[in-house]
Amino acid sequence: MEFGFHFRNVENGRAGVLVLGVCVDQAAKARAIIALDRGLDGLLKRCAKEQDFHGKPRERLVVHTQGRAPFERVAIVGVGEEKKIDAAAHVQFAADARRLAEEFSARDVLISLSVGYRTWSVDSQTAGLWARGASLGGYRFETYKSKPGGPRTVK
19 MEFGFHFRNV
29 ENGRAGVLVL
39 GVCVDQAAKA
49 RAIIALDRGL
59 DGLLKRCAKE
69 QDFHGKPRER
79 LVVHTQGRAP
89 FERVAIVGVG
99 EEKKIDAAAH
109 VQFAADARRL
119 AEEFSARDVL
129 ISLSVGYRTW
139 SVDSQTAGLW
149 ARGASLGGYR
159 FETYKSKPGG
169 PRTVK
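Under the numbering used here, the residue at position 115 of the sequence shown is numbered 133, and the numbers go up by one with no gaps.
Next comes the structure, spelled out in structure tokens:
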């Protein structure tokens, strides 16, 4: 599996899973979600309402696009309140993205963090935190297991 950082509009990207991080009660404002939802005929908005999604830390909403988007699945992951986004929140977000990709056996994952109407600018520090989170998200403790875990898609 390839884990990449996208520096452009995510709607123009391509991946098995798109993971969008959103702050509390800001999913409806995120440009990437609005654009994707338009292509999915309002599916993201309907599912978020049905599942009472708010963007609280580690809350998630996963939708299969049925071929109507350049991603097999779109996952919206809550990162908490905007003012509380720190290094640990970035690491946790990327780890959650990695686990989601593993869960769906995705070959590649595209992640983006939306804060209100803007997308989080990914500088070298943020990219490093996301790389650390992606690495930690793939950790499995198997020393004392009689059978190792299932197949891994991320190497």
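Note that the Cβ used here is the ideal one computed from N, Cα and C, for glycine as well. All of these numbers come straight from a predicted model, not from anything done at the bench.
{"Check": "Under the assumption that Leu38 contacts Ile51 (Cβ atoms under 8 Å), give the Cβ distance between them as a whole number of angstroms.", "Outcome": "6 Å"}
{"Check": "In the DSSP assignment, what are the bridge partners of His82?", "Outcome": "Arg91"}
{"Check": "Can you give the Cα-Cα distance for Ala78 and Glu100, rounded to whole angstroms?", "Outcome": "Before going further, note that residue 78 is Arg rather than Ala in the sequence given. The straight-line gap from Cα to Cα measures roughly 17 Å."}
{"Check": "Could you tell me which residues DSSP pairs with Cys65 in its beta bridges?", "Outcome": "Beta-bridge pairing links Cys65 to no other residue."}
{"Check": "Can you look up Ala124 in the DSSP assignment and give me helix, strand or coil?", "Outcome": "coil"}
{"Check": "Assuming Val45 and Ala66 form a contact by the criterion Cβ under 8 Å, report the distance between their Cβ atoms to the nearest whole angstrom.", "Outcome": "The sequence shown places Ala at residue 45, rather than the Val named in the question. Their Cβ separation, rounded to whole angstroms, is 6 Å, which keeps Ala45 and Ala66 in contact under 8 Å."}
{"Check": "What residue range does the beta strand (DSSP E) around Ala33 cover?", "Outcome": "Ala33 to Cys41"}
{"Check": "Could you check if Phe159 is buried or exposed, using at least 16 other CB atoms within 10 Å of its CB as the buried criterion?", "Outcome": "exposed"}
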